[in-house]
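Asker: What follows is a single structure, and I will ask about it in a moment.
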Amino acid sequence: MTEADEQPAATATGREIWIEKYRPQTLDDIHGQEEIVERLQSYIAQDDVPHLLFSGPAGIGKCVTGDTPVLTDAGIRLIEDVVGDTDGFDEPEDGLRVATMTDRNGFEHVEPSHVFGKQTEELVEVTTRDGAEFRVTPEHRLRVITHDGFEWVTAGELSDGDRIARPSQLPTPGSTTKRTLRWYDEMNPERTEVTLAAERAEEMALDRTVSLATIHAATDDANTWVDDVEAIEHVRQGRRSRSITPPTDVTPELARFVGLAISEARIEGGRIKFYNTDDGLLDAFESAAHDVFEVETRRGVQKEVPYVEIGSRTLTHYLESVFDAFASAKKGEGIGSSLVTAGDDARAAFLRAMFDAEAHISANGLIELTQRNRDHITLLSYLLSTFGISSRRKKVRKSATNGSGVERTYHALYISGARDLRRFRGAVGFSITHKSERLAEHAEKRSNPNYDTIPTQAVLRDLCRQLDIPITDHVPKSINPESPGRERYCSILDDVVDAATERIEDTQRALERIEALRPELEAVTTVPAQWVESREELAPIEVRKEVSEEVGARSDRLLEYSDGRRTPRAHRTVQILGELDQPVEDTDIDRVEAELNECIDLLGVEYAEVVDGLQIETPDLTNLLRSNDSTLTSLTRLETVAERLKEIAAERLSSETVELLDEASRIANADLRYDEIETVERAETDERVYDLTVPETRNYVAGEVPTVMHNTTAATAIAREIYGEDNWRGNFLELNASDQRGIDVVRDRIKGFARSSFGGDFRIVFLDESDSLTDDAQSALRRTMEQFSDNTRFILSCNYSSKIIDPIQSRCAVFRFSPLSDEAVGGMVREIAAAEGIEVTDAGVDALVYAADGDMRRAINSLQAAATTGGVVDEEAVYAITATARPEEIESMVTDALDGDFARARSTLDTLLTETGMAGGDVIDQLHRSVWEFDLSEREAVRLMERIGEADYRIAEGANEQVQLESLLAALTLDE
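First residue of the sequence shown? That's 0 in numbering that gives the first Met the number 0, and the numbers climb one at a time after it.
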């Protein structure tokens, strides 16, 4: 660097505004608001951005290592191979599809939108009970289930005992008409000679036997000739290997041959020797060689172990080219793509061959398969998962089988538990009799629920409580209260979901019946009032005689009714009104009472819950609905009861109920099992890490044991995400409402921008400090939001959402930003210091965090101000430039006052106001935020809070700051 270069660098801290330089450019640059960022990214990924309201105080790369296997629709691939050498974000390769977990906790293959790579200096190493080992950056998230349901937890926050989600059954790629074994693209074209059918060779004007390179030169379309291949040969230096017939699809016979070959065969150059003491396996290997490849075999015995030998370099070259699992057996790259994408029968045949050859089943029903090649164990784990068979893995040290006595590291795969043994028996099984019989014996046993477990879910009790479903009707006492067996518990949860669904349907029916009852309810409840208006008509003796004959009541009793000394029962009242020519239409008291009773039964509530909050008791409700004849005055209560039932029904049908039901259903029907974390350790490193961006679902399946991984890819950040770096400015209008707060701004600038033509689906208007808008301007803005909702999205930011009118809030997705955590602010300070070459001490970082009080803007500005001196940024520099008192100074001032030393406390206050340069309001703020950090008794803290409130109010009203603060200290000194 020249002196000319050094000069600008030396003065850069004084010229550049860091708060602008380090303003977040994308959503991923935002610190400390991870949940909000995730919601915003979800809106953008779905191309469904609503109006947004950001509310909160002012100023407020998740990756895995390259050796992590990832499940794609082309098989299992290392993520470093999928991503490549890219630095930062890049486009994925054409046609790439990865397995992802949907929002319903099922799995499917989708295309990622981006791939990502970078260097990292820190990783978190996690191991689990099922043998999963993965190394990820601390920010990388994994799907975790707790008693409160699912959540994404960063690796840095994982703990021993956490339960991470693993697929219970993985998806397989959909059927395809393409050939899966493209040997003609993979084998060496110069060393491979192809014999074509005579007719095809003649059509192509080629000799019958030509090099693969010659065919490639003649045509690019393999479909025109590959079905007419009769044989291929490997040729090297004029020497021809034995020919084979090359398959183009993975059949069960071929898959079984490959499974046997990579499990128990020794592969040396152009020879494959399959060793085994089981005649059935020897016969299977030999017959597959004949039937699939039409190649000759030879039998022999070596050290008393029988073998079948194939001598064909053509065959080994073919297998290495189209089966990366076969190449892996020869220490090549690959895990098993062709096998993962094969059909069910072929995958089962491969698994059966591997387990026939290398697995044994113990006396207690544990299937164990041991391999030196860890990739083969990974392949088996994934293949088993496609059949819903769970497995575990671990490293073991054991002596080699060649008799040398040398201990080596092997990788073991285990299948246990009656459920998984039954699934293995049904989908794969053994072809060896004694293994098959032992498997059948243990598969019929009762499942042990103590291994495949799940934390009990709070949503189950919450849903039952919300809908008055007796939990004891569904959850037996025998269930483990903390960690029951997953299958049984999910079945219970599914039953509760069914019961809840039925209760919701009954609730809807109850509401419909109450609404249908409305005319009759109104008629019944008018009877008491109508009686009061009409009863005096009974006074004449002639009227009483006529009515008495019809209703069966004595004349003197009717007289008592007429003057109010007595009140008839409800049914008699209706009769009398009818005789007085005052009939009440649609008055069927019995039907109304019966319908309300039926609605109570549909809602599944007790009478005690119905009367809760009403001015009646349970016996009153019983008499009202179940007696043969109600009192007249009680009829008005029928409408009250109906309204109460509607209220209960509304609570049942609330959004909270729907959310609980949805959450319970997702957990009950999830294609997941839950592995337990055993160790979590941080490690310093210097290596590349990788990630995939999967739109909408934001996760992918990866790891040696299939695991669900989260992926990664504020208003200007949203605009950049939607429109890209080159186009966002033309589609984005930013206004500050504190400067442009009147109605004319809405009418002129905002409406004009919204009306103008543009190329995208919508444009964005960002209105900062929108709580400064006048009421008239907010009303005009509401109308503008409605008018231009098709082509414009509004993003409003404010410090106080309560100052935004309700009609605007109801049209926005509201995001409430909390003050940033100390860790988020401290992390950003360290990042900027490192980028700017500033030396900052730990105490200096702590001081910046304290002075910022959750405000990132203040922290960055303070760091830049402290850095302008050119020296080390320590706590002295920070407190000097921020005019902030040290916490211990504030505490000593308060403590001295409480101890009666007013003079000393006043001296400290004077220093803060005159020498430190603090404003009185700042002293009040710092006192307020520090009260509960002082070593004060609760009584002293309450006294201090009371005095702080008084002083703050008086200063706000214009009183002298120093006088009020000294008065505060004096009051603390005098109070006893």
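Where is the CB? At the ideal position from N, CA and C, for every residue including glycine.
According to DSSP, simplified to helix, strand and coil, what is residue 801?
Answerer: Counting from one through the sequence shown, the residue named residue 801 turns up at place 802. Residue 801 falls in the helix class under three-state DSSP.
Asker: Considering Cα atoms alone, identify which of 254, 646, 195 is closest to residue 514.
Answerer: Residue numbering aside, residue 514 sits at position 515 when the sequence shown is read from its first letter. The candidate whose alpha carbon is nearest that of residue 514 is 646.
Asker: When DSSP builds the beta bridges, which residues end up paired with residue 108?
Answerer: Numbered from 1 along the sequence shown, position 109 holds the residue referred to as residue 108. Answer is 98.
Asker: Count Cβ pairs between the segment 452 to 462 and the segment 416 to 431 that sit closer than 8 Å; are there 3 or more?
Answerer: With a cut-off of 8 Å, the segment 416 to 431 and the segment 452 to 462 do not count as touching, because too few Cβ pairs lie within range.
Asker: With DSSP as the reference, label residue 436 as helix, strand or coil.
Answerer: Here residue 436 is taken as the residue at index 437 of the sequence shown, counted from 1. Residue 436 falls in the helix class under three-state DSSP.
Asker: Looking at residue 320 and residue 240, is the spacing between their C-beta atoms short of 7 Å?
Answerer: Position 241 of the sequence shown, counted from the first residue, corresponds to residue 240. Position 321 of the sequence shown, counted from the first residue, corresponds to residue 320. Not in contact: residue 240 and residue 320 (Cβ atoms no closer than 7 Å).
Asker: Where does the unbroken alpha helix (DSSP H) through residue 701 begin, and where does it stop?
Answerer: Residue mapping note: residue 701 aligns to position 702 of the sequence shown, counting from 1. Unbroken run through residue 701 is the beta strand (DSSP E), 698 to 701; no alpha helix (DSSP H).
Asker: Going by DSSP, what residues sit across from residue 708 in a beta bridge?
Answerer: Your numbering for residue 708 matches position 709 in the sequence shown. In DSSP, residue 708 forms a bridge with 141, 699.
Asker: Assess contact between the segment 211 to 230 and the segment 260 to 279, defined as three or more Cβ pairs (one per stretch) separated by less than 8 Å. Is contact present?
Answerer: As far as the Cβ criterion goes, the segment 211 to 230 does not touch the segment 260 to 279, which means the pair count is below three.
Asker: State buried or exposed for residue 737, treating a residue as buried only when at least 16 other CB atoms are found within 10 Å of its CB.
Answerer: Taking the first residue of the sequence shown as position 1, residue 737 is located at position 738. Confidence at residue 737 is low in this model, with a pLDDT of 49, below 50, so its placement is unreliable and the value that follows should be read with caution. By the neighbour-count rule (16 or more Cβ atoms within 10 Å), residue 737 is not buried but exposed.
Asker: Going by other Cβ atoms of all chains shown within 10 Å of its Cβ, with 16 needed for buried, is residue 289 buried or exposed?
Answerer: Here residue 289 corresponds to residue number 290 of the sequence shown, with the count starting at 1. Exposed.
Asker: Please report the residue range of the beta strand (DSSP E) in which residue 560 lies.
Answerer: On the sequence shown, residue 560 is found 561 positions in, with the first residue counted as 1. Here residue 560 belongs to no beta strand (DSSP E); instead the alpha helix (DSSP H) covers 554 to 562.
Asker: Under a three-way DSSP split, which group does residue 739 fall into?
Answerer: Your numbering for residue 739 matches position 740 in the sequence shown. In this prediction, residue 739 has a pLDDT of 48, which is less than 50 and means its spatial position is unreliable; what the coordinates show is noted afterwards. Residue 739 falls in the coil class under three-state DSSP.
Asker: By alpha-carbon positions, which one of 140, 161, 162 ends up nearest to residue 154?
Answerer: Translated into positions along the sequence shown, residue 154 becomes position 155. Of 140, 161, 162, the residue nearest in Cα terms is 140.
Asker: Report yes if the C-beta distance between residue 66 and residue 704 is below 7 Å; otherwise report no.
Answerer: The sequence position of residue 66 within the sequence shown is 67, counting from 1. The sequence position of residue 704 within the sequence shown is 705, counting from 1. Contact flag unset, no.
Asker: Identify, in the order they occur along the chain, each residue of the same chain with its Cβ nearer than 8 Å to the Cβ of residue 871, setting aside the five sequence neighbours on each side.
Answerer: Sequence index remark: in the sequence shown, residue 871 carries index 872 (1-based). Counting only Cβ-Cβ distances below 8 Å, and skipping sequence neighbours, we find 838, 839, 840, 843.
Asker: Using only CA atoms, which one of 187, 360, 167 lies nearest to residue 388?
Answerer: Your numbering for residue 388 matches position 389 in the sequence shown. When each option's Cα is compared against that of residue 388, the closest is 167.
Asker: Going by DSSP in three states, residue 189 sits in which element: helix, strand or coil?
Answerer: Within the sequence shown, residue 189 is the residue found at index 190, counting from 1. Looking at residue 189 - three-state DSSP - the assignment turns out to be coil, as it is neither helix nor strand.
Asker: DSSP beta-bridge partners for residue 250?
Answerer: Taking the sequence shown and counting its residues from 1, one reaches residue 250 at position 251. Per DSSP, none; premise fails for residue 250.
Asker: Would you mind sorting residue 906 into buried or exposed? The rule is 16 or more other CB atoms within 10 Å of its CB.
Answerer: Position 907 of the sequence shown, counting from 1, holds the residue named residue 906. Answer is exposed; the Cβ neighbour count stays below 16.
Asker: Taking the beta carbon of residue 412 as the centre, do at least 16 other beta carbons fall within 10 Å, making it buried, or is it exposed?
Answerer: To locate residue 412, count along the sequence shown from 1; it is residue 413. Result: buried.
Asker: Just checking, does the segment 514 to 530 make contact with the segment 483 to 493 on the three C-beta pairs under 8 Å criterion?
Answerer: No: fewer than three Cβ pairs fall under 8 Å.
Asker: How big is the Cα-Cα spacing for residue 556 and residue 584?
Answerer: What you label residue 556 is simply residue 557 of the sequence shown in a count that begins at 1. What you label residue 584 is simply residue 585 of the sequence shown in a count that begins at 1. Near 26 Å, if we compare the C-alpha coordinates of residue 584 and residue 556.
Asker: Taking the alpha carbon of residue 597 as the reference point, which residue from 625, 616, 612 has its own alpha carbon closest?
Answerer: If you number the sequence shown from 1, residue 597 lands on position 598. Ranking the options by Cα distance to residue 597, first place goes to 625.
Asker: Take every Cβ of the segment 279 to 295, pair it with every Cβ of the segment 245 to 256, and state whether three or more of those distances are shorter than 8 Å.
Answerer: Result yes; three or more Cβ-Cβ pairs closer than 8 Å.
Asker: Residue 57 to residue 878, Cα distance in whole Å?
Answerer: Sequence index remark: in the sequence shown, residue 57 carries index 58 (1-based). Sequence index remark: in the sequence shown, residue 878 carries index 879 (1-based). At residue 57 the pLDDT is 42, less than 50, meaning the model places this residue with poor confidence and gives no usable figure here.
Asker: Is residue 657 helix, strand or coil by DSSP?
Answerer: Counting from one through the sequence shown, the residue named residue 657 turns up at place 658. Of the three classes helix, strand and coil, the one that applies to residue 657 here is helix, per DSSP.
Asker: Over the uninterrupted alpha helix (DSSP H) stretch that includes residue 518, give me the two end residues.
Answerer: Numbered from 1 along the sequence shown, position 519 holds the residue referred to as residue 518. Run containing residue 518: 517 to 524, per the alpha helix (DSSP H) assignment.
Asker: Among 540, 543, 560, whose alpha-carbon lies nearest the alpha-carbon of residue 532?
Answerer: Position 533 of the sequence shown holds residue 532. The residue with the shortest Cα to Cα distance from residue 532 is 560.
Asker: In or out: residue 272 buried (at least 16 other Cβ within 10 Å) or exposed?
Answerer: The residue given as residue 272 occupies position 273 in the sequence shown. Residue 272 is buried by the Cβ-count criterion.
Asker: Residues in its own chain within less than 7 Å of residue 610 by CB, not counting five upstream and five downstream?
Answerer: The residue given as residue 610 occupies position 611 in the sequence shown. These residues qualify, in order along the chain: 616, 617, 620.
Asker: Which residues in the same chain have their Cβ closer than 8 Å to the Cβ of residue 770, if we skip the five residues on either side of it in sequence?
Answerer: The count along the sequence shown starts at 1 and reaches residue 770 at position 771. Excluding residues within five positions, the ones whose Cβ falls inside 8 Å are 736, 797, 798, 799, 800, 802, 803.
Asker: With residue 210 as the anchor, note down where its beta strand (DSSP E) starts and where it stops.
Answerer: Your numbering for residue 210 matches position 211 in the sequence shown. Looking at the DSSP string, the run of the beta strand (DSSP E) that includes residue 210 is 208 to 210.
Asker: Identify the continuous beta strand (DSSP E) that holds residue 943 and give its terminal residues.
Answerer: To locate residue 943, count along the sequence shown from 1; it is residue 944. That residue, residue 943, is in no beta strand (DSSP E); its alpha helix (DSSP H) goes 937 to 955.
Asker: How big is the Cα-Cα spacing for residue 694 and residue 94?
Answerer: Indexing the sequence shown from 1 puts residue 694 at position 695. Indexing the sequence shown from 1 puts residue 94 at position 95. If I take the Cα positions, the gap works out to 15 Å.
Asker: Give the DSSP-derived three-state secondary structure of residue 476 in the structure shown.
Answerer: Your numbering for residue 476 matches position 477 in the sequence shown. Reduced to three states, the DSSP call for residue 476 is coil.
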